[in-house]
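In my numbering, the protein residues as written are 239 to 326.
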(Lines of atoms letter the chains of each structure in order from A and count residues from 1; the text may use other names and numbers.)
(Lines give C-alpha, C1' and ligand atoms only; values in the text may rest on other atoms or scores of the structure.)
Protein backbone atom coordinates (compact mmCIF):
# COMPACT_ATOMS: atom_id res chain seq x y z
CA UNK A 1 0.00 0.00 0.00
CA UNK A 2 2.82 2.42 0.85
CA UNK A 3 4.43 1.84 -2.56
CA UNK A 4 1.22 2.63 -4.43
CA UNK A 5 0.56 5.73 -2.31
CA UNK A 6 4.15 6.90 -2.84
CA UNK A 7 3.79 6.40 -6.59
CA UNK A 8 0.52 8.34 -6.67
CA UNK A 9 2.02 11.22 -4.68
CA UNK A 10 5.08 11.28 -6.96
CA UNK A 11 2.88 11.31 -10.08
CA UNK A 12 0.78 14.16 -8.65
CA UNK A 13 3.85 16.25 -7.80
CA UNK A 14 5.42 15.60 -11.20
CA UNK A 15 2.20 16.62 -12.97
CA UNK A 16 1.78 19.78 -10.90
CA UNK A 17 5.41 20.77 -11.38
CA UNK A 18 4.95 20.50 -15.12
CA UNK A 19 1.81 22.65 -15.01
CA UNK A 20 3.47 25.26 -12.76
CA UNK A 21 6.46 25.45 -15.08
CA UNK A 22 4.20 26.45 -17.96
CA UNK A 23 2.77 29.49 -16.17
CA UNK A 24 6.00 31.48 -15.83
CA UNK A 25 5.25 35.19 -16.08
CA UNK A 26 8.61 36.66 -15.08
CA UNK A 27 12.18 35.97 -16.13
CA UNK A 28 15.68 37.26 -15.52
CA UNK A 29 18.72 38.04 -17.60
CA UNK A 30 22.15 37.55 -16.07
CA UNK A 31 25.72 37.23 -17.23
CA UNK A 32 29.28 38.44 -16.96
CA UNK A 33 30.83 41.31 -18.92
CA UNK A 34 34.31 40.52 -20.26
CA UNK A 35 36.72 42.19 -22.66
CA UNK A 36 38.27 40.54 -25.73
CA UNK A 37 41.03 38.98 -23.60
CA UNK A 38 38.50 37.42 -21.21
CA UNK A 39 39.15 39.82 -18.30
CA UNK A 40 36.03 40.74 -16.33
CA UNK A 41 34.75 44.30 -16.56
CA UNK A 42 33.29 45.92 -13.43
CA UNK A 43 31.19 49.08 -13.80
CA UNK A 44 29.67 48.25 -17.18
CA UNK A 45 26.20 49.70 -17.74
CA UNK A 46 23.89 46.92 -18.94
CA UNK A 47 20.61 48.02 -20.52
CA UNK A 48 17.91 45.60 -21.65
CA UNK A 49 14.97 46.77 -23.73
CA UNK A 50 11.92 44.63 -24.37
CA UNK A 51 11.51 44.76 -28.13
CA UNK A 52 7.73 44.29 -28.02
CA UNK A 53 6.98 47.46 -26.04
CA UNK A 54 10.22 49.45 -25.63
CA UNK A 55 10.34 49.16 -21.82
CA UNK A 56 13.94 49.17 -20.60
CA UNK A 57 15.84 48.45 -17.39
CA UNK A 58 19.44 49.19 -16.50
CA UNK A 59 22.00 47.80 -14.06
CA UNK A 60 25.75 48.06 -13.45
CA UNK A 61 28.12 45.08 -13.32
CA UNK A 62 29.71 44.35 -9.94
CA UNK A 63 33.41 43.91 -9.15
CA UNK A 64 33.37 40.44 -10.77
CA UNK A 65 31.73 41.74 -13.96
CA UNK A 66 28.46 40.00 -13.08
CA UNK A 67 24.98 41.42 -13.53
CA UNK A 68 21.41 40.25 -12.98
CA UNK A 69 18.17 41.87 -14.06
CA UNK A 70 15.42 39.98 -12.18
CA UNK A 71 11.64 40.16 -12.49
CA UNK A 72 11.48 40.93 -16.20
CA UNK A 73 8.34 40.31 -18.21
CA UNK A 74 8.74 37.27 -20.44
CA UNK A 75 9.53 38.23 -24.03
CA UNK A 76 12.31 39.18 -26.44
CA UNK A 77 14.94 41.70 -25.31
CA UNK A 78 17.79 43.70 -26.84
CA UNK A 79 20.86 44.00 -24.58
CA UNK A 80 23.34 46.88 -24.75
CA UNK A 81 26.56 47.18 -22.74
CA UNK A 82 28.58 50.36 -22.39
CA UNK A 83 31.75 51.36 -20.55
CA UNK A 84 33.94 54.43 -21.05
CA UNK A 85 36.90 53.60 -23.27
CA UNK A 86 35.16 50.71 -25.04
CA UNK A 87 33.25 50.69 -28.32
CA UNK A 88 29.65 49.52 -28.08
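Glycine included, C-beta positions come from ideal geometry on N, C-alpha and C.
As the structure is a computational prediction, the values presented were derived from the model and not from experiment.
| Check | Outcome |
| --- | --- |
| Residue 265 - partner residues in DSSP beta bridges | 310 |
| Chain-order list of residues whose beta-carbon lies under 6 Å from that of residue 268 (same chain, five-residue window excluded) | 306 |
| Rounded distance between the beta-carbons of residue 309 and residue 264, thought under 8 Å | 5 Å |
| Local Cβ density within 10 Å of residue 296, reported as buried at 16 or more and exposed below that | exposed |
| Test item: CB-CB of residue 317 and residue 281 under 9 Å | no |
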